[in-house]
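Residue numbers (UniProt numbering): 1 to 195.
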């Protein structure tokens, strides 16, 4: 019986040893599997990190390019604005040159002329030409006499007693004409108002 018992104990030890070996093998397999999973996770994290770094570099490049484009645009528009300001009056001056030529001819004619009426007629023609040229450029005279005082267009410089009731609060006389350039007041009319 002792032999049986020893054999049984030996068999049990062998089973325990076999279970221990299997347990160790399972642990090693689990560790290997865990290591593989960990390595896989690390590889995925590294790939994600590389993708993020590439995307960040791409966005940074786009930002730098956009910033440079905007800076170039700003410089170009500033230069265009400066060029426009320096040559803004060129068209107006070119259109006034014929009037200037006429004035010079009129001045030369006044030195030799004996007929005052002819000289006056020439000056009137030059004045009309100047008005037409300026009107063509958008200049318009502000109507004042007989109008009610409008501080958007008129500047009252004096008040005088009105001769009749209809002239009260209305413009009686214009001291200096006012002008609009394309509906923008560039000089207010200086007027006398009845009270």
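C-beta: ideal position from N, C-alpha, C; glycine also.
Proximity below 9 Å, CB of residue i to CB of residue j
i           : j           : result
residue 96  : residue 133 : yes
residue 173 : residue 192 : yes
residue 145 : residue 158 : no
residue 195 : residue 160 : yes
Residue from the options with nearest C-alpha to residue i
i           : options          : result
residue 138 : 21, 13 and 186   : 186
residue 169 : 154, 175 and 177 : 154
Simplified DSSP state of residue i, which is helix, strand or coil
i           : result
residue 114 : coil
residue 177 : coil
residue 64  : helix
residue 142 : coil
residue 137 : coil
Whole-Å CB distance - residue i paired with residue j, under 8 Å assumed
i           : j           : result
residue 103 : residue 126 : 6 Å
residue 141 : residue 177 : 6 Å
Residues sharing a beta bridge with residue i, DSSP
i           : result
residue 160 : 194
residue 171 : 193
residue 188 : Looking at the DSSP assignment, residue 188 forms no beta bridge with any residue, so it has no partner.
residue 155 : 190
residue 148 : 170
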